[in-house]
Amino acid sequence: MHEESIVSSRPDREITKKLISPGDFSIVPYEESRCTVVLSNVRCTNSIGDCDIESGSRIFAKNFDGMVIIGDSDSFIDRDFELILQQMCCGETCVGKIVYKNNKGEFVKEISCQIELKDVTEEQLVSDWSWARLYEAAGHHKECGVELVKEKRILDAFRRFSKAFKLVVAIEPVDPQVISEESVKEIIELKIKLYNNLAHCQLQFNEYEAALELCNRAIKHDPDNVKALYRRCQSYHGLQMYEEAWNDIQHVLNLDPNDRAAQNKASELRPRIEKINKEYTSVIKKMFG
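FYI, the numbering for the sequence shown is 1 to 289, going by the UniProt record's numbering.
This is the structure:
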């Protein structure tokens, strides 16, 4: 009888697997591998009894097609399931179990199922990918992130944007003998979009300093980038750096006088700037009579 082994453990959840039948130890899934899996005996329980699995899970949905691409999941349950797959071999069958706890360490629910890893399509390691494939994959994760933002799943979107950014960075240093000037421009444009998207996510959690740094990087590439300037204005505002925020929003309005969001932001900042100017004038009068 095979013993249960720990796949991953944190205070809020523990993932384990118990081997039923071994597979081919020379073929194991890793990042971007395409896995064909068959699930059976799926069960989710809480302290009361059987319960439903979150609707955001693709792998445990009724219409699951049996295909899992390692690193391409957005649901936290699906990402945890991927960790089990990455410790399986092609042809292996095991029982996987994920136990979730609350911040007090108390049991919340358990998901268990039998997993058969029927096939693994071996992929190149990411480090061996061509720049074109890195760029294409980065674009894919960026678009997935945009859709998650629309669904208000900001943390999941941030993970997608971060993954896309890592893939773009992996293209560097850019070799002009291999990559055309036009393609270099497209890579830089994608990088700027990712800086902006990451900044947007940081702003949703009031992480103003992190957002400011991301906006500065985008503006370094494109000094007239409206989104970066607007989000830097938001960051400065959050940090109570009102004059810097005012300068940025004026820059945005110079670029696009009809930008409604910028107009509203300027109206919001104007009383602050007027107060600062009034106080400054008062100090000058006192100093010089």
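Glycine included, every Cβ here is placed at the ideal spot set by N, Cα and C.
Just so it is clear, the structure is predicted and the values come from calculations on it, not from any experiment.
Under a three-way DSSP split, which group does residue i fall into?
i	result
K104	coil
V174	coil
R58	coil
E122	coil
D65	coil
R153	coil
I188	helix
L148	helix
Q114	strand
V42	strand
M47	Residue 47 is actually Ser in this sequence, not Met. Coil at S47, not helix or strand.
D74	coil
S21	strand
S162	helix
D80	helix
Q240	coil
W246	helix
S127	helix
S183	helix
E274	helix
E143	helix
E31	coil
N258	coil
By Cβ distance, which residues of its chain are closer than 6 angstroms to residue i, with the 5 residues on each side in sequence left out?
i	result
D119	T36
T93	I20, S21 and E116
V95	K18 and Q114
Q87	V7
Which same chain residues, not among the five before or five after residue i, have their C-beta less than 8 angstroms away from its C-beta?
i	result
A261	Y230
L85	P29, C35, V37, V68, I70, I115 and L117
N102	D12 and V108
residue 327	Outside the displayed span of the chain (1 to 289) sits residue 327, for which this structure offers no information.
I192	A218, H221, D222, N225 and A228
Quick test of your reading: residue i and residue j, contact by CB under 8 angstroms. State the CB separation rounded to the nearest angstrom.
i	j	result
S6	I98	In the sequence on display, residue 6 carries Ile and not Ser. Contact doesn't hold; Cβ gap of about 12 angstroms is too wide.
L203	S162	Not confirmed; about 15 angstroms, so no contact.
R160	C144	5 angstroms
L148	D74	6 angstroms
residue 349	A266	Here the chain has residues from 1 to 289 only, and residue 349 is not among them.
I188	Y135	I188 to Y135, Cβ: 11 angstroms. No contact.
Looking at the strands, I want to know which residues DSSP matches up with residue i.
i	result
S267	Partner(s): none; S267 has no beta bridge.
I6	T16
V169	Partner(s): none; V169 has no beta bridge.
I98	I15 and I111
V37	L117
C90	D24
Heavy atom of the ligand FMN less than 6 angstroms from the Cβ of residue i, yes or no?
i	result
Q240	Because no ligand of any kind appears in the structure shown, any question about the ligand FMN cannot be addressed here.
Between residue i and the rest of its own chain, which residues show a CB-CB distance below 7 angstroms, the 5 nearest in sequence each way excluded?
i	result
I219	N225, A228, L229 and R232
A138	A164, L167, V168 and L190
G66	T36, V37 and V38
**Asked** If you scan the UniProt repeat "TPR" (192 to 225) from start to end, which runs of the alpha helix (DSSP H) of 4 or more residues do you find wholly inside it?
**Response** 208 to 221
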